[in-house]
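In our numbering, the protein residues as written are -9 to 297. Okay, so here's the structure we're looking at.
Structure (structure tokens):
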């Protein structure tokens, strides 16, 4: 076995030891007058991030598929004197993300910060979920980030400075039962963002990148089927697993979830410090150590999330 192939000790977990400043020491410190694009910005984390960035003096382009909520979010920020614009966007489609980029640059010029944040979830056993279930969740949660990287990363580099944040989840670090499409998408976002970080480092790019792995946040994501395409929704009758998931997870997020505004503050701090991992709940570091240790020492899979 080569040294690089050996399993690390708990002091050097590969998921925890990635350099916080992996692509150099240059970070975005001054936000005022610069431009941000945030997807999934009509509610939840995205709305909180858009609000926080606007308060920093940024021009903010809010994108979402839920038009009434998007209009309300944009109107609320504009009423406070912020420079904002809303762009209705189906983030699962490459052409929609390209249109979003054109609208952002037309309105404000150079782009300096992008938060690929839109997300949905559906529940059921892995073998009983339909192809439409997988396609919907992967389209919004993974393909949107792929489209965002392909479209916006060249624009960030052209601006000479900037940062991209991709929203994954703790489900992208350890899979939970009954949400296979979501797990797959979020693991993919983590992998994509790690790849981008290493590629930026290799070419000494000034652009920063972070992966956001939220735990329980007080949002309405468990009810995201409100935005599901009609044709896809018709193929998805509610299952026992889904009803249980909505009841359990919805209650947890509403009663114990972290406020989205707290997550927005973490993101701003991460951009300024060029931090790669953004874990909203630090107890997940203990879970990840247990996961890696179990894999390396016993070839087993941990089945609980206790720290």
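Virtual Cβ for every residue (Gly too), placed ideally from N, Cα, C. This one's a predicted model, so the numbers in the text were calculated from it and none came from an experiment.
Ranked by Cα distance from residue 252, the options 267, 232, 208 are led by 208. The beta carbon of residue 138 lies closer than 8 Å to those of 29, 81, 87, 104, 106, 154, 156 in the same chain, with the five residues before and after it left out. In this structure, the beta-carbon distance from residue 130 to residue 108 falls below 8 Å. Ranking 18, 20, 34 by CA distance to the CA of residue 248 puts 34 first. By the beta-carbon neighbour count (other beta carbons within 10 angstroms, threshold 16), residue 134 is buried. Assigned with DSSP and collapsed to three states, residue 128 falls in helix. For residue 51, the enclosing beta strand (DSSP E) stretches over residues 49 to 54.
The alpha-carbon of residue 61 is positioned some 50 Å away from that of residue 286.
Of all alpha-carbon atoms in 73, 185, 198, the one lying nearest the alpha-carbon of residue 261 is that of 198. Contact between residue 200 and residue 142 does not hold, since the beta-carbon distance rounds to 14 Å and is not under 8 Å. Leaving aside the five residues that flank residue 48 on each side, the residues in its chain whose CB is nearer than 6 Å to its CB run, in chain order, 21, 24, 26.
Counting only residues of its own chain and dropping the five nearest sequence neighbours on each side, residue 75 has a CB closer than 6 Å to the CB of 51, 97. Fully enclosed alpha helix (DSSP H) runs of no fewer than 4 residues occupy 34 to 45, 57 to 69 of the segment 31 to 82, in order along the chain. Just measuring C-alpha positions, the residue of 77, 53, 159, 171 sitting nearest residue 114 is 171. In the displayed model, residue 154 falls within a strand according to three-state DSSP.
DSSP, reduced to helix, strand and coil, places residue 257 within a helical segment of the structure shown.
Between residue 191 and residue 112, the C-beta gap is not smaller than 8 Å, which leaves the two residues out of contact.
For residue 277, the enclosing alpha helix (DSSP H) starts and ends at 274 to 288. The bridge partners DSSP lists for residue 105 are 28, 155.
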